[in-house]
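So the sequence shown is residues 1 to 65, counted in the UniProt record's numbering.
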Amino acid sequence: CKRTGVLDVAVFEIILAYLEKRDWKEAFFSVLPQRKGAVPLGEANELSKRALSGKEDEDNDSDSN
């Protein structure tokens, strides 16, 4: 069973991390595991744009053959 939400324990860890760091972004990304693929929204948009532009380039390459 794949979990997509944040567990209660993680919520408390994020709050504690925020109290230590006073920065929500640092708190979230210090607690959330990297394997979950969490990225800040601005970075997610950039990654999506890069992925799409790379895919379009591949599509254009296959069209030219």
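Beta carbons are placed, not taken as given, at the ideal position from N, Cα and C, and that holds for glycine. Source: prediction; values computed, not measured.
Its chain contains ALA10, GLU13, ILE14 and ALA17 as the residues whose beta carbon lies nearer than 8 angstroms to that of VAL31, once the 5 sequence neighbours on both sides are disregarded; these appear in chain order.
Scanning SER53, LEU19, ALA38 and LYS21 for the CA closest to the CA of VAL6 turns up ALA38.
Looking only at LYS21, ASP8 and LYS25, the smallest Cα-Cα distance to GLY42 is reached by LYS25. Under the three-state reduction of DSSP output, LEU19 falls in the helix class.
DSSP places LEU41 within a helical segment (H, G or I) once states are collapsed to three.
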